[in-house]
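Taking it in order: structure first as structure tokens, then the write-up.
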Amino acid sequence: MVAGKKTKKTHESINNRLALVMKSGKYTLGYKTILRSLRNSKGKLIIISNNCLPLRKSEIEYYAMLAKVGVHHFNGNNVDLGTACGKYFRVSCLSIIDPGDSDIIKTLPGEQ
Amino acid sequence: MVKFLKPNKAVIVLQGRFAGRKAVIVRSFDEGTRDRPYGHCLVAGIGKYPKKVIRKDSAKKTAKKSRVKAFIKLVNYSHIMPTRYTLDVDLKDVVTLDALQSRDKKVTAAKETKARFEERFKTGKNRWFFSKLRYDSNVIRLSLIKSWVKQEKSEERVQTVGGLQ
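Shown next, in the form of structure tokens:
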């Protein structure tokens, strides 16, 4: 399957898109704030790292299912996701409120 | 991006005296109010679930077992777990902010809510709402969510099996 080779390329593009969101868009990092963004229907895409606590992951996915918001499981752990966001701390989950110039919301949920 | 904390949504209360109880949102205040500057909602929930009724119960026993105790409460959004279920019971006229002002009003409102809940329970609809959520632990919020997730997953499995049939 070509999937193996493909993931490296798309992974980089996710990182690029995330960087663009960080620069030009609105986002929140962290479990509490993303639940808040889902509750007031501001969140447009949720990204969860692969080592997010499984119960927490299920809860976020459930909220996203209720809110009809896409969830993307980031191919990396919270350290990687933090780096991808350009932060010096770990990020287990983040919510994109306004993508700015990025097309992350149009391209990502389809890839799932 | 769909707002889901709307009236008639069934939720599970996660904190407080009524942790673990199911409730239905009667009115939601997304922006909060001056007293409560956070998103919160007025819920009407089940204080005491109706007990299991079996075939050989007499009419008197059935009536006693089908009793429901209701509560009315203002809860913070972060203290409830929304579910995919809804409960279409018209409580808007009974459960109001005004009802929470004094104990007497609250008691009368709760009694009326209790009557409507019991009426709905007796029809046999919304069975999920009137069944206790089984959870075990001292750390209530996590165990509630865990048992809730387990229930959802097993329902999913049942549904897909049903689909295959």
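In the order they appear, the protein sequences are chains U and D.
Quick note, the first sequence lines up with residues 1 to 112 if you use full-length UniProt numbering.
Quick note, the second sequence lines up with residues 1 to 165 if you use full-length UniProt numbering.
Even for Gly, the Cβ is constructed at its ideal location relative to N, Cα and C.
Environment of residue i [buried if 16+ CB atoms lie within 10 Å]
{"i": "Asn16/U", "result": "exposed"}
{"i": "Glu59/U", "result": "buried"}
{"i": "Leu97/D", "result": "exposed"}
{"i": "Thr83/D", "result": "buried"}
{"i": "Ala63/D", "result": "exposed"}
{"i": "Glu119/D", "result": "exposed"}
{"i": "Lys106/U", "result": "exposed"}
{"i": "Ile54/D", "result": "exposed"}
{"i": "Ala67/U", "result": "buried"}
{"i": "Ser95/U", "result": "buried"}
Residue i to residue j span [Cα, whole Å]
{"i": "Arg127/D", "j": "Leu53/U", "result": "31 Å"}
{"i": "Lys153/D", "j": "Asn40/U", "result": "26 Å"}
{"i": "Asp35/D", "j": "Gln151/D", "result": "36 Å"}
{"i": "Asp133/D", "j": "Arg21/D", "result": "It is Leu, not Asp, that sits at residue 133/D in the sequence shown. Each residue's Cα considered, the two are about 7 Å apart."}
{"i": "Asp101/U", "j": "Thr10/U", "result": "18 Å"}
{"i": "Gly76/U", "j": "Cys93/U", "result": "11 Å"}
{"i": "Thr33/D", "j": "Ala19/D", "result": "24 Å"}
{"i": "Arg157/D", "j": "Ser37/U", "result": "29 Å"}
{"i": "Lys9/D", "j": "Tyr85/D", "result": "6 Å"}
Counterpart residues of residue i in DSSP-defined beta bridges
{"i": "Phe29/D", "result": "His40/D"}
{"i": "Met81/D", "result": "Ile12/D"}
{"i": "Thr33/U", "result": "Thr33/U pairs with nothing; no bridge assigned."}
{"i": "Gly70/U", "result": "Leu45/U"}
{"i": "Ala64/U", "result": "For Ala64/U, which the question treats as bridged, DSSP gives no partner whatsoever."}
{"i": "Asn76/D", "result": "His40/D"}
{"i": "Ser95/U", "result": "Thr28/U, Ile46/U"}
{"i": "Ile46/D", "result": "Ala70/D"}
Closer than 9 Å to chain U by CB, residue i
{"i": "Pro21/D", "result": "Pro is not the amino acid found at residue 21/D; the sequence shown has Arg there. Not closer than 9 Å to any Cβ of chain U, the Cβ of Arg21/D fails to qualify, so no."}
{"i": "Val149/D", "result": "yes"}
{"i": "Asp30/D", "result": "yes"}
{"i": "Pro7/D", "result": "no"}
{"i": "Lys111/D", "result": "no"}
{"i": "Ile145/D", "result": "yes"}
{"i": "Glu155/D", "result": "no"}
{"i": "Pro82/D", "result": "yes"}
{"i": "Phe4/D", "result": "yes"}
{"i": "Leu142/D", "result": "yes"}
{"i": "Tyr135/D", "result": "no"}
{"i": "Glu119/D", "result": "no"}
{"i": "Tyr77/D", "result": "yes"}
Cβ-Cβ separation, residue j to residue i (assumed contact under 8 Å), whole Å
{"i": "Lys52/D", "j": "Val68/D", "result": "With a Cβ gap of about 13 Å, Lys52/D and Val68/D do not count as contacting."}
{"i": "Gly25/U", "j": "Pro109/U", "result": "In fact, because the Cβ distance is near 16 Å, the residues do not count as touching under 8 Å."}
{"i": "Lys11/D", "j": "Ile25/D", "result": "At residue 11/D the sequence reads Val, which differs from the Lys that was named. Between Ile25/D and Val11/D the Cβ distance is about 6 Å, and since that is below 8 Å, they are a contact."}
{"i": "Ile104/U", "j": "Leu81/U", "result": "Their Cβ separation, rounded to whole angstroms, is 14 Å, which puts Ile104/U and Leu81/U out of contact at 8 Å."}
{"i": "Val91/U", "j": "Leu29/U", "result": "5 Å"}
{"i": "Thr113/D", "j": "Leu91/D", "result": "6 Å"}
{"i": "Leu5/D", "j": "Arg27/D", "result": "With 8 Å as the limit, Leu5/D and Arg27/D do not qualify as a contact, their Cβ atoms being about 11 Å apart."}
{"i": "Ile97/U", "j": "Tyr27/U", "result": "6 Å"}
Interface flag, residue i vs chain D, CB-CB below 9 Å
{"i": "Asn15/U", "result": "no"}
{"i": "Val71/U", "result": "no"}
{"i": "Ser102/U", "result": "no"}
{"i": "Gly82/U", "result": "no"}
{"i": "Lys68/U", "result": "yes"}
{"i": "Ser41/U", "result": "yes"}
{"i": "Tyr27/U", "result": "no"}
{"i": "Lys32/U", "result": "yes"}
{"i": "Leu94/U", "result": "no"}
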